[in-house]
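To start, the structure under review is shown below, and the notes come after it.
Numbering (the numbering used here), first residue to last: 1 to 912.
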């Protein structure tokens, strides 16, 4: 007996050291499943395995050990064709199923996943290198929760989503190394709304997606509803460019998002982007430092969520920096990194040696710059792509490790003195994924949360997710939303809308609209140019139309003018021929005005719009007369257009203080909020149809929601917009909130679309211009909306009809449609209290309008048909999930988009 006890620790020794013992999880069930398939997998298409001949294969290995798990195929264009064909065929039946039938299918999927939860967790751990405890206790319950939650939405689609229908075939592209949870975020809402899915899992972690597809067959999912292709990045571009794909949902890096934005430009599919970015953490002197240290260590070891495996940028108030760093070093030094199948491990393996090398490069660069590096090497395995929890301090804000995302267990710490400085540092980054705020001071927490330009914020918490609360990013972190009702609108379109399938034009993007292309203006003596009218032998004073930005009228930088003709071809006036420099000046003025305008009370913004309407009413007859002379419209039609413009101003003024956000029901402890905020600077290129009504219909919703705008009025009929400048000056509109630049629409839109400080672009013009705007938006991934230029004559008689049926829905992701330009749209950007920059628009439309929507960058749906007008909107969401130490307070503020019904005026006309 004594010999048997030799080498074993005593009970006293165990309680004295409190060291972890091994807790290995057997890989038997996963190995058995792999062997059942001969450790060789093809694609999963149309409810069965597809193994075409002659395909290259790649090895799926356990990142921790390098052990071969299985071989998978490298897909080819023929495989994409087969998967899309199967999904298209299945869509005909799946979309027509009763809502209750689809709800049953998703419910059965949730039940089936629960039955095989251990198998899925083991396979996810083996395939990705994440700790099995994290996969089992965190990922899988969330996956199941998403299926149950969206089974409920499938049941309620007929009542809660009335007037919407599925898009069609959705391509889901996952490139992050945590596929199971992310693919559930994409496929659950898509299937619930009646779409079919073609899924492309990450090249380095394909097996759990294939297992999920197989479980779908076991759960009774109809063939072709869920299809899985395996392949490299080139396959993603081929899938996104396929004419049979109606939407592309992406979870991946910024580079992948830019590539797919350019690939889909001019093709028509909606694009939803959930892209990279590390977590921003702000720790104030009023924080519970022990709780903050625990949350930060969880961030380092966590391999799930919005950007799995990414580190964090930690901003800590100077007075408590030393105390927090001491706690962090202690905490990180005790984290266990090792065998992912050991349930006692805090951290697992990275994806491969390449990722480990990249992480090491960032750390060594910081060390060379003089940074202090703390690394917990003690418990690190000797072999495998493991990396120790790392803490970097003493770096400048310009350091590469501060500016760029590190896909590894690395915390970078910067000090700050005041809350204002912390917000400035946090917002001075191109990404805007997520943030957490640590403080016991609730007013401070809320103010900071509303000031950060990120899509998701937690207060006194970290990495809190639920299917009922939408999550996503802003800026270069994408515009997509996953979860909640707001996530459903990524996968539906208005029931009247048909999908246009345009073929992209062969554009030279470097030269398209690079110059205005304007002809020299006509001069006296040439045909169509009349002499100035005389009154009692006295000439009228010449009216000079200038540009309008910064609250003042400015001459164009190019010092050139364009003639404006009446229907008979006579010159009515000359307007400024704006240039790229004028657009840059207008954007600068808008940026100066946007923060103050966005922070004004909604009631104040409403009063300004009412004042604009009042002053326009005083000049009603004059404006209608000038409009008739310019367009040739009969007096009653011109008068009706002015009246509808006034009605549109009143509508958006009324909505200013009636769409601020919502509270969401989640199982998280605390309160979950969604908050709407302005996007910032929005560029708008107006159509030629109904020049006054379209201008006001596009302008009013944007400024009502706190945005500043740079308007490019109709190039054919710009005078009504320029006549409004005097009204703006006398209506208390702050300088820079409304800026007007006249000239060639495509030339000016080119500069707006390429501008890095424009947050959204709304374009109505030619199909080629729409395609260029989509392509150029990839620069800073701005949101875009297009109404391609196949217009039809407006029926002014139908403008008198109105309706109270309207909708706000988020505009994120890019999608396109085609049809006549539309105008009565409402913009609001989700940013502000938890800035998930999102713009929301509302559309009252004309018959036959089919909208285009573009990416986050920015995207939205605009349009309506005879007798029906729809508007969309989105807003940032905030989730407060209760936290320790802050009584009655909050834990996480999460921003996303939400949707609700609101009263809306709808017009049946060719233009709003």
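Glycine included, each C-beta is placed from N, C-alpha and C at the ideal position.
Measure how close the beta-carbons of residue i and residue j come, nearest whole angstrom, since I'm counting them as under 8 Å.
{"i": "residue 279", "j": "residue 434", "result": "5 Å"}
{"i": "residue 576", "j": "residue 555", "result": "7 Å"}
{"i": "residue 58", "j": "residue 74", "result": "6 Å"}
{"i": "residue 228", "j": "residue 44", "result": "4 Å"}
{"i": "residue 553", "j": "residue 725", "result": "7 Å"}
{"i": "residue 432", "j": "residue 453", "result": "5 Å"}
{"i": "residue 327", "j": "residue 352", "result": "Their Cβ separation, rounded to whole angstroms, is 32 Å, which puts residue 327 and residue 352 out of contact at 8 Å."}
{"i": "residue 682", "j": "residue 760", "result": "5 Å"}
{"i": "residue 736", "j": "residue 708", "result": "6 Å"}
Roughly how many whole angstroms lie between the Cα atoms of residue i and residue j?
{"i": "residue 241", "j": "residue 589", "result": "38 Å"}
{"i": "residue 711", "j": "residue 316", "result": "41 Å"}
{"i": "residue 344", "j": "residue 143", "result": "22 Å"}
{"i": "residue 404", "j": "residue 255", "result": "13 Å"}
{"i": "residue 717", "j": "residue 504", "result": "28 Å"}
{"i": "residue 605", "j": "residue 593", "result": "13 Å"}
{"i": "residue 235", "j": "residue 770", "result": "25 Å"}
{"i": "residue 103", "j": "residue 314", "result": "42 Å"}
{"i": "residue 261", "j": "residue 478", "result": "11 Å"}
{"i": "residue 489", "j": "residue 657", "result": "23 Å"}
{"i": "residue 502", "j": "residue 264", "result": "11 Å"}
{"i": "residue 582", "j": "residue 595", "result": "21 Å"}
{"i": "residue 409", "j": "residue 310", "result": "7 Å"}
{"i": "residue 380", "j": "residue 20", "result": "15 Å"}
{"i": "residue 611", "j": "residue 741", "result": "23 Å"}
{"i": "residue 171", "j": "residue 246", "result": "8 Å"}
{"i": "residue 107", "j": "residue 374", "result": "47 Å"}
{"i": "residue 639", "j": "residue 418", "result": "55 Å"}
{"i": "residue 218", "j": "residue 112", "result": "8 Å"}
{"i": "residue 516", "j": "residue 630", "result": "23 Å"}
{"i": "residue 323", "j": "residue 70", "result": "48 Å"}
{"i": "residue 378", "j": "residue 52", "result": "48 Å"}
Between which residues of its own chain and residue i is the CB-CB distance below 7 Å, once the five residues before and five after are set aside?
{"i": "residue 182", "result": "174, 176 and 251"}
{"i": "residue 915", "result": "No statement about residue 915 is possible, as the shown extent of the chain runs from 1 to 912 and does not include it."}
{"i": "residue 132", "result": "25, 121, 122, 125, 340, 341 and 343"}
{"i": "residue 68", "result": "59 and 61"}
{"i": "residue 319", "result": "285"}
{"i": "residue 580", "result": "751"}
{"i": "residue 259", "result": "237"}
{"i": "residue 615", "result": "727, 730 and 731"}
{"i": "residue 558", "result": "577 and 579"}
Exposed or buried, residue i, counting other C-beta atoms within 10 Å across all chains shown (16 or more means buried)?
{"i": "residue 159", "result": "exposed"}
{"i": "residue 360", "result": "exposed"}
{"i": "residue 436", "result": "buried"}
{"i": "residue 694", "result": "buried"}
{"i": "residue 15", "result": "exposed"}
{"i": "residue 842", "result": "At residue 842, the pLDDT of 28 sits below 50, so the modelled position is not reliable; the number obtained from the coordinates is stated separately. Classification of residue 842: buried, given that the 10 Å Cβ count is 16 or more."}
{"i": "residue 281", "result": "buried"}
{"i": "residue 428", "result": "exposed"}
{"i": "residue 92", "result": "exposed"}
{"i": "residue 8", "result": "exposed"}
{"i": "residue 195", "result": "buried"}
{"i": "residue 561", "result": "buried"}
{"i": "residue 482", "result": "buried"}
Excluding the 5 residues preceding and the 5 following residue i in the sequence, name in chain order all residues of the same chain whose CB lies nearer than 6 Å to its CB.
{"i": "residue 672", "result": "469, 664, 666 and 879"}
{"i": "residue 17", "result": "none"}
{"i": "residue 46", "result": "86, 223 and 224"}
Leaving aside the five residues before and after residue i along the sequence, list all residues of the same chain whose C-beta is less than 8 Å from its C-beta, in chain order.
{"i": "residue 414", "result": "313, 314, 315, 316, 395, 397, 402 and 425"}
{"i": "residue 642", "result": "616, 620, 623, 624, 627 and 692"}
Kindly indicate if chain D contains any beta-carbon less than 9 Å away from that of residue i.
{"i": "residue 501", "result": "In the displayed structure, chain D is absent; only one protein chain is listed."}
Legend entry - Those runs of the alpha helix (DSSP H) which lie wholly inside the region 404-448 and span at least 4 residues: 419-427
Inset, instruction - Give, in chain order, every unbroken run of the alpha helix (DSSP H) that is at least 4 residues long and sits entirely within the region 642-704. - result: 691-704
Inset, instruction - Output the residue ranges of the alpha helix (DSSP H) runs that lie fully inside the region 54-97 and measure 4 residues or longer, sorted by chain position. - result: 77-94
Inset, instruction - Write down every uninterrupted run of the alpha helix (DSSP H) in the region 712-755 whose length is 4 residues or greater and which is fully enclosed by it, in chain order. - result: 719-729 and 745-754
Legend entry - Sequence ranges, beta strand (DSSP E) only - wholly within the region 566-619, length at least 3: 571-576
Inset, instruction - Scan the region 332-398 and note each continuous beta strand (DSSP E) run of 3 residues or more that stays entirely inside, going in chain order. - result: 372-375 and 390-393
Inset, instruction - At 3 residues or longer, and completely inside the region 115-181: list those beta strand (DSSP E) runs for me, N to C. - result: 164-166 and 169-174
Inset, instruction - Entirely within the region 236-318 and at least 3 residues each: give me those beta strand (DSSP E) ranges in chain order. - result: 247-251, 270-274, 279-283 and 312-317
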